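If you read the sequence shown in the numbering used here, its first letter stands for residue 84, the second for the next number, and so on.
For every residue, glycine included, the Cβ atom is placed at its ideal position computed from N, Cα and C.
Keep in mind that this is a model prediction, so the values were computed, not measured.
Here is the structure we will look at.
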Amino acid sequence: MGLIASFISLITGAVFCFGLARIGITRRLALLAALATGLAAIGVIANPLETTPAEPLSSIGALSLVLPAAPELSERAIAVMFLVGGTLGLLALAVVVPPEVEGFGALFGWLLLALTAALLSLTIPPLSFLTPLSWALAVIAAHGALIAAGVDPAPDQLPPHLIAGGLAVVAVTGLIATSAALPPDTLPPTTLVGLALFGALALAGAPPFGGARSAFTAAPALVAALMSGLTLPTIGLGFIVRFLPQIPPLPASTGFIMAAVGAFGALGAAFTALNAQSGRDLVARHGALQAGVVVCAAALNEPLAGLAAPALLLSLQLHAVAGGLVCAAIERLQGSDLLDGKQPTAQLPFIGLIWLVTTAAATGLPLTWSFWGWRWLIEAATSHHVWIIGPLMTAAVIGFAAGLPLLIRCWQGKTPVYTHWPEGMLSLPILIPLILAGFVPWLAWPLWLSWSPFAPPVMPAEPLAWPFIGTAIATGVISWFLLRKANPYQTERMPEDPAVSPTWQGMGELLQGMSELADARRLFSLLGHGIDRVSSSLHTIMIIFEQRYYLFGVMIGLLAILFLMAQ
Numbered sequence: 084m085g086l087i088a089s090f091i092s093l094i095t096g097a098v099f100c101f102g103l104a105r106i107g108i109t110r111r112l113a114l115l116a117a118l119a120t121g122l123a124a125i126g127v128i129a130n131p132l133e134t135t136p137a138e139p140l141s142s143i144g145a146l147s148l149v150l151p152a153a154p155e156l157s158e159r160a161i162a163v164m165f166l167v168g169g170t171l172g173l174l175a176l177a178v179v180v181p182p183e184v185e186g187f188g189a190l191f192g193w194l195l196l197a198l199t200a201a202l203l204s205l206t207i208p209p210l211s212f213l214t215p216l217s218w219a220l221a222v223i224a225a226h227g228a229l230i231a232a233g234v235d236p237a238p239d240q241l242p243p244h245l246i247a248g249g250l251a252v253v254a255v256t257g258l259i260a261t262s263a264a265l266p267p268d269t270l271p272p273t274t275l276v277g278l279a280l281f282g283a284l285a286l287a288g289a290p291p292f293g294g295a296r297s298a299f300t301a302a303p304a305l306v307a308a309l310m311s312g313l314t315l316p317t318i319g320l321g322f323i324v325r326f327l328p329q330i331p332p333l334p335a336s337t338g339f340i341m342a343a344v345g346a347f348g349a350l351g352a353a354f355t356a357l358n359a360q361s362g363r364d365l366v367a368r369h370g371a372l373q374a375g376v377v378v379c380a381a382a383l384n385e386p387l388a389g390l391a392a393p394a395l396l397l398s399l400q401l402h403a404v405a406g407g408l409v410c411a412a413i414e415r416l417q418g419s420d421l422l423d424g425k426q427p428t429a430q431l432p433f434i435g436l437i438w439l440v441t442t443a444a445a446t447g448l449p450l451t452w453s454f455w456g457w458r459w460l461i462e463a464a465t466s467h468h469v470w471i472i473g474p475l476m477t478a479a480v481i482g483f484a485a486g487l488p489l490l491i492r493c494w495q496g497k498t499p500v501y502t503h504w505p506e507g508m509l510s511l512p513i514l515i516p517l518i519l520a521g522f523v524p525w526l527a528w529p530l531w532l533s534w535s536p537f538a539p540p541v542m543p544a545e546p547l548a549w550p551f552i553g554t555a556i557a558t559g560v561i562s563w564f565l566l567r568k569a570n571p572y573q574t575e576r577m578p579e580d581p582a583v584s585p586t587w588q589g590m591g592e593l594l595q596g597m598s599e600l601a602d603a604r605r606l607f608s609l610l611g612h613g614i615d616r617v618s619s620s621l622h623t624i625m626i627i628f629e630q631r632y633y634l635f636g637v638m639i640g641l642l643a644i645l646f647l648m649a650q
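See below:
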């Protein structure tokens, strides 16, 4: 009953938002959307665990059509934290929306539909006939949210997220249809499995399809975080994390390709983060980095990697919302989140501290929960995939360095601002669980990871990690005081000499070629031009026979005579 109440809450809220979109109660509709999402989270938490499989409504071939069921305890944390993040993001939007704003109620309706689609994808089997429906609904709702937020797509081309979403829906539909036609307990062709996995990567905006997130950087920070950072990655990466353990191990070559795509894609995303033009762009690049790490963990057929994949996926969800809140606060208090080298007027020490923890969560530093996911992944890779450790560690270091310009922008302003509501305070329910689980990882063991099919008898978190955590905390505290302390040797700046906020964009442009590992739009564009050239050549050949059917018939007759004479 709890899960049914969750869907009813989300769908009813979306209906109200669409129906009252033109009335000047946008803030109330936003609060209604946040309330509906919060009630959905409570419904998922309160839903009792089902010990027996759900009865199928019907069967088509080897697959059964079943209604959404409560996630297992090993997967419920992903669904709950997804809805909690959505609730906090919608609540922040509701608070910052001016009361007199009219006509934006449809935005919250689209956001609720996208959240509904993601919850549906998490509560049905990966190979369900409802999976393509949930993916298509999420893509359409995300695009509708962009339009409702005032983002106008280019008139002469399809937005990249629509292209990626369409290809993903086609790929997963082909896999499901083929699986239904095969005998039970038979692995579908590896080619179709690979296409479906790459379709899920495209839907999530994960490497090498990082360009699928590009349109969302023009949207408001919280809208971009809820769609491209939270909803679509939860659907795409959640499919990969849940699907791969349910099928027989993939061939070694397929696993190698997926691990390489994840590891080097994360490295490419770190390089693209160096060239980020704004805070929203930087959060999206960090999200692509984490998506690559999740894919790498899911591709390894190792027990510790099976623990790392869901742990890193949960960290990705919370990072997206926290990053969106940070960028929203910077936009509201500093006027812009652009990394253009200009010194802002407002200094945001608390928001900078939140961004420091958020960046640590994105790169697996020993301060947050993601550290344990990275640690388990690295330990799992030492057995058969040692070669991925180098790219992953390099990506972590470069990714953390790429986040420093936004941190400096927060701490370099002239006038300190201590306004913590709403973004700062709403970030605490996200970051506190990440930090607590980073210090005491055993908190996540009894009700979550211990129920995983890969779980060992005891949680693999030895006390040897504590010195690293202590070193990280000491380094962070010392850096905090050093950065806040005035430099006594600094000369007084002339009034006509403006301050400059450092960025990595010059280095990012020099390393732009490496970014193709995460955003291969240029490669796809070259392939498209090549296909156009081939089609033009074929068209030139066909012109000879165009509207000259008699010549075509004569050629066919001559070929037939030659074949007869040859016999």
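Item                                                                                                                       : Value
Span of the alpha helix (DSSP H), counted from its first residue to its last, around alanine 225                           : 214-231
Pick from Ala538, Leu514, Pro512 and Met542 that is closest to leucine 526, judged by C-alpha positions                    : Met542
Close-in-space but distant-in-sequence residues of the same chain around isoleucine 128 (CB under 7 Å, 5 per side omitted) : Val163
Three-state secondary structure (DSSP) of threonine 256                                                                    : helix
Cβ neighbours of phenylalanine 433 in the same chain (closer than 8 Å, five flanking residues each side left out)          : Tyr501, His503 and Gly507
Valine 178 to leucine 203 span [Cα, whole Å]                                                                               : 28 Å
beta-carbon phenylalanine 165 near the ligand PLP non-hydrogen atom, thresh 7 Å                                            : What this structure holds is no ligand at all, so the ligand PLP is not there to describe.
According to DSSP, residues forming a beta bridge with leucine 600                                                         : Paired residue(s): none; leucine 600 is not in a bridge.
Proximity of alanine 382 and glycine 345 at Cβ, strictly below 8 Å                                                         : yes
Residue of Ala175, Ala260 and Pro154 minimising C-alpha distance to alanine 304                                            : Ala175
Bounding residues of the alpha helix (DSSP H) (the contiguous stretch that carries arginine 415)                           : 386-417
Glutamine 573 (DSSP reduced to helix, strand or coil)                                                                      : For glutamine 573, the predicted model reports a pLDDT of 45, less than 50, meaning its position is unreliable; a value from the coordinates is still stated below. Here glutamine 573 sits in coil by DSSP.
Backbone CA spacing between tryptophan 457 and glycine 613 [nearest angstrom]                                              : 40 Å
Residue interval of the alpha helix (DSSP H) (run including valine 276)                                                    : 273-287
Cβ neighbours of glutamate 341 in the same chain (closer than 7 Å, five flanking residues each side left out)              : For the record, residue 341 in the displayed sequence is methionine; it is not glutamate. Correct list, in chain order: Leu280, Val378 and Ala382.
Alanine 282 vs proline 328 beta-carbon contact at 8 Å                                                                      : At residue 282 the sequence reads glycine, which differs from the alanine that was named. Not a contact, by the Cβ cut-off of 8 Å.
Same chain, Cβ closer than 7 Å to alanine 225, neighbours up to 5 away in sequence not counted                             : Ala197, His244, Met310, Thr314 and Leu315
Phenylalanine 90 versus Val234, Leu205 and Gly407, residue with shortest Cα-Cα distance                                    : Leu205
Three-state secondary structure assigned by DSSP to serine 89                                                              : helix
Option in Leu397, Ala289 and Arg363 with minimal Cα separation from isoleucine 413                                         : Arg363
Sufficient close CB pairs (3 or more, under 8 Å) joining the segment 410-427 to the segment 457-477                        : no
As assigned by DSSP and simplified to three states, the class of alanine 152                                               : coil
Under 8 Å between C-beta atoms of glycine 126 and glycine 192                                                              : no
Segment contact flag, the segment 354-370 with the segment 260-270, C-beta cutoff 8 Å, min 3 pairs                         : no
Paired residues, beta bridge with serine 361 - DSSP                                                                        : Leu421
Where serine 204 falls: helix, strand or coil (DSSP)                                                                       : helix
Cβ pair proline 539, proline 386 closer than 8 Å                                                                           : yes
Given alanine 295 as reference, the closest of Ile161, Leu114 and Leu241 once Cα atoms are compared                        : Leu241
One or two residues paired with isoleucine 143 in a DSSP bridge                                                            : Leu146
Completely contained alpha helix (DSSP H) runs for the segment 279-359, where each covers 4 or more residues               : 304-307, 315-326 and 335-357
Sheet register partners of alanine 429 (DSSP bridge)                                                                       : Thr498
DSSP three-state assignment for leucine 190, whether helix, strand or coil                                                 : helix
Member of Thr261, Gly188, Ala298 and Phe292 whose CA lies at the smallest distance from the CA of valine 234               : Ala298
Cα-Cα separation between valine 480 and leucine 150, rounded to whole angstroms                                            : 44 Å
Short Cβ contact (8 Å threshold) for alanine 104 with leucine 132                                                          : no
Collapsed DSSP secondary structure at glycine 447 in the structure displayed                                               : coil
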